[in-house]
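Have a look at the structure below, then the notes.
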Ligand code: PEP
Ligand code: CO
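In the UniProt record's numbering, the protein residues as written are 1 to 474.
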């Protein structure tokens with residue numbers, strides 16, 4: 001329950017970073033009033049379910065896979081983009097289930113990832129200084145659309161709800177039905193050792209699914225469909241506030257046998273839910289303990305992520321967690337770590353020791369974001385990331401958690417189901433000359449479908465190698 005000194009607008013009295021400079025207060029008021037009347041996009045029941053799954057992740061019993069675009073455009077609200085992302089997350093999760101031997105919780109970084117904090121308010125395009133593109137919810141990428149427009153808040157709602165609608169419709173109609181054969185397309189992997197490794201994984205998963213089919217165990221709803229939750233960075237607080245509602249906390253539905261006549265149900269509890277997505281995170285640039293973003297998110301019942309990295313002092317962690325999660329509710333907070341391959345081994349152990357040595361032991365989800373600490377520019381100024389740096393941060397993170405006795409609960413990736421050429425390396429060995437072939441990101445470089453699957457194979461392989469010595473030799 002939120003504390004008595006919190007209200008949905010108490011963030012307005014706090015210092016705020018990356019505030020949106022709305023030029024026209026009347027249209028901002030009209031837009032937020034409209035959002036305030038529209039129905040919630042997600043339901044508290046789903047939010048509470050996700051929090052329960054994240055509690056399992058925090059305790060080492062499930063794995064969290066979160067992925068999607070850096071900057072989602074309204075134009076990505078289209079059948080193919082949505083389906084290819086769902087399919088990719090599903091395939092990656094199958095690989096991870098096989099490798100980690102744990103249930104996988106899936107969260108799309110989609111259906112609302114429309115806002116970007118930018119390091120500079122302006123940029124030079126064709127020799128002219130123009131406002132930076134801050135994501136479709138704030139302004140447009142086309143040069144003539146760079147002014148902030150509050151009407152985009154309402155457009156964001158409609159694109160988000162249309163995307164949610166299609167995700168729900170396609171999942172309930174069998175898009176993620178594991179009875180269908182999956183196309184693993186490994187032909188691009190040039191290195192024969194890697195190709196053999198990936199093929200072994202695919203063969204073993206195919207055998208497993210065939211076996212389930214043979215014994216009829218696939219005829220359960222678990223294999224007919226899967227859950228996919230949604231998330232975005234909660235940057236534009238005007239939007240998040242307008243979609244935050246005081247709603248009854250869903251109760252466990254009593255069954256006829258579990259609730260004999262005369263037993264009183266617990267009184268209804270009302271809580272604030274940010275109904276724009278199931279999971280919201282606070283970015284690396286807006287996580288100041290006394291700032292507006294932390295103030296807003298401390299009051300909602302959703303599970304909340306916080307990005308932490310080289311600029312997070314160890315001594316900030318406990319005050320941050322105590323502010324956002326004063327009752328130490330397991331699964332409530334996900335710490336999304338992003339240090340970079342060259343810093344992770346030095347910094348992560350210090351962060352883990354501070355948290356796991358406190359009342360938050362086994363309470364937070366430790367999730368590795370191996371993307372944001374590994375962004376580099378090519379000599380010609382193209383933003384990219386090397387596949388080997390991404391995997392290196394991930395591997396080191398896994399090893400550090402093992403040494404410290406904590407769990408790496410999951411991964412947070414920027415990826416797309418399309419055949420883009422934005423990150424270097426991977427099985428296709430993309431090099432700098434390839435980047436211009438299909439570079440379509442409007443912000444950070446994403447893993448393409450093949451690179452994302454390969455990363456899942458490598459993580460799965462890591463887990464299997466780790467388990468191997470523990471298997472008794474007969
Ligand atoms: C992002 O996730 O796109 C992002 C901006 O990350 P960070 O806040 O970690 O820099
Ligand atoms: Co990004």
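Built from N, CA and C at the ideal position, the CB exists for glycine as well. The structure presented is a predicted model; accordingly, all values stated were derived computationally and were not measured.
- Taking non-hydrogen atoms of ligand 2 into account, the C-beta of residue 389 is found less than 8 angstroms away from none of them.
- With a cut-off of 8 angstroms on Cβ pairs, the segment 449-467 is in contact with the segment 387-395, counting three or more such pairs.
- A distance criterion of 8 angstroms places the beta-carbon of residue 92 beyond contact range of ligand 2, judged by its closest non-hydrogen atom.
- Rounded to whole angstroms, the gap between the alpha carbons of residue 287 and residue 448 is 29 angstroms.
- If you check the C-beta of residue 425 against ligand 1, you find no heavy atom less than 8 angstroms away.
- Taking the C-beta atoms as reference points, residue 114 is found nearer than 9 angstroms to residue 137.
- In this model, residue 20 and residue 122 are separated by some 13 angstroms (Cα to Cα).
- Within a 10 Å sphere around the beta-carbon of residue 334 sit 16 or more other beta-carbons, which makes this residue buried.
- With a threshold of 8 angstroms, the Cβ atom of residue 414 counts as near ligand 2, since some heavy atom of the ligand is closer than that.
- A buried status is given to residue 305, since no fewer than 16 other beta-carbon atoms sit within 10 Å of its beta-carbon.
- In this structure, the alpha-carbon of residue 234 lies about 22 angstroms from that of residue 168.
- Taking 8 angstroms as the upper bound for CB-CB distance, residue 373 and residue 393 are in contact here, some 7 angstroms apart.
- In the displayed model, residue 420 falls within coil according to three-state DSSP, outside both helix and strand.
- When the alpha-carbon of residue 369 is set against those of 66, 327, 49, 43, the nearest one is in 66.
- Residue pairing by DSSP places residue 307 opposite 336 in a beta bridge.
- Per DSSP, reduced to three states, the secondary structure at residue 467 is helical.
- Distance from the CA of residue 329 to the CA of residue 203, rounded to the nearest whole angstrom, comes to 40 angstroms.
- In the three-state reduction of the DSSP assignment, residue 459 falls in the helix class, which pools H, G and I.
- Taking 8 angstroms as the cut-off, one finds at least one heavy atom of ligand 2 near enough to the beta carbon of residue 371.
- Distance from residue 365 to residue 410 at the Cβ level is roughly 7 angstroms; contact confirmed, criterion being Cβ atoms closer than 8 angstroms.
- The beta-bridge partner set that DSSP reports for residue 122 consists of 131.
- Looking at the DSSP output, residue 104 sits in a beta bridge with 63.
- In its chain, beyond the 5 residues on either side, no residue has a beta carbon closer than 7 angstroms to the beta carbon of residue 214.
- When DSSP states are grouped into helix, strand and coil, residue 236 belongs to the coil group.
- Contact holds between the segment 316-324 and the segment 352-361, because three or more Cβ pairs, one in each stretch, are under 8 angstroms apart.
- Judged by the Cβ position, residue 267 fails to qualify as a neighbour of ligand 1 at the 8 angstroms threshold, every heavy atom of the ligand being at least this far.
- Secondary structure at residue 163: helix, using DSSP grouped into helix, strand and coil.
- Secondary structure of residue 29 (DSSP, three-state): helix.
- Of the heavy atoms belonging to ligand 1, at least one sits nearer than 8 angstroms to the Cβ of residue 116.
- In chain order, 414, 441, 443, 444, 446 place their CB closer than 7 angstroms to the CB of residue 70, counting only its own chain and leaving out the 5 sequence neighbours on each side.
- DSSP places residue 274 in the uninterrupted beta strand (DSSP E) bounded by 270-274.
- The C-beta distance from residue 41 to residue 247 rounds to 13 angstroms, too long to fall under 8 angstroms, and the pair is not in contact.
- When the beta-carbon positions are compared, residue 331 and residue 31 stay at least 9 angstroms from each other.
- Classified as buried, residue 149 has 16 or more neighbouring CB atoms from the shown chains inside 10 Å of its CB.
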